[in-house]
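First the structure, in the form of structure tokens, and then the observations on it.
In my numbering, the protein residues as written are 11 to 190.
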């Protein structure tokens, strides 16, 4: 696969059609828990926690399973002013220098928001928790209604870099329901 830089990812005008790297990065990083909540109301919107099993670093199935996730959020998510996300991840036996995540959100191939998070240096053989509170893009009512009526047409690409090299790429689709 070709070498993809953070600058290349930041220049993308629409979601990628395919994954831009192998999943070999799971030998370096494993995600253990992910939580999303509306920071203003404290409403829990999503939580995924890996079962409490020992982390394996040598015998990892790096198939495409788990590279994509489909989220369903309540429609009021689109009116939230700020979102808090918490990520718990384990670092394998090698240090991570300049660990960075770039996440790009699109609706019908239109970029809504790009997030760029710098985790910095991560010590080997550690479990880390990272919380970030960020403002979400304010959308007009027409766009919100179109997103609600168009499940799966809101998508994101999440790119994970170590020392400027793309090591993981995940995708997500989003649906917004008027029911809880």
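Where is the CB? At the ideal position from N, CA and C, for every residue including glycine.
Bear in mind the structure is a predicted one, so any value in this text is a computation, not a measurement.
- Per DSSP, residue 146 lies in no alpha helix (DSSP H) and is assigned neither H nor E.
- DSSP places residue 158 within a helical segment (H, G or I) once states are collapsed to three.
- When C-alpha distances from residue 84 are compared across 130, 46, 168, the shortest belongs to 46.
- Residue 172 sits away from residue 131, with the two beta carbons spaced by 8 Å or more.
- Taking a cut-off of 8 Å on C-beta distances, the region 126-145 touches the region 92-104, as three or more cross pairs fall below it.
- Straight across, the Cα-Cα distance linking residue 112 with residue 52 is about 25 Å.
- Residue pairing of residue 126 in beta bridges, as defined by DSSP: 112.
- When rounded, the separation of the alpha-carbon atoms in residue 87 and residue 50 is 11 Å.
- Under DSSP, residue 40 forms a beta bridge with 100.
- Residue 62 sits exposed, since fewer than 16 C-beta atoms from the chains shown fall within 10 Å of its C-beta.
- Distance from the CA atom of residue 153 to the CA atom of residue 32, rounded to whole angstroms, is 34 Å.
- For residue 20, the enclosing alpha helix (DSSP H) has its first and last residue at 16-20.
- Cα atoms of residue 142 and residue 56: separation of roughly 15 Å, rounded to the nearest angstrom.
- Per DSSP, residue 61 is not a residue of any beta strand (DSSP E), being assigned neither H nor E.
- Residue pairing from DSSP leaves residue 13 without any beta-bridge partner.
- Counting only the Cα atoms, residue 24 lies some 24 Å from residue 91.
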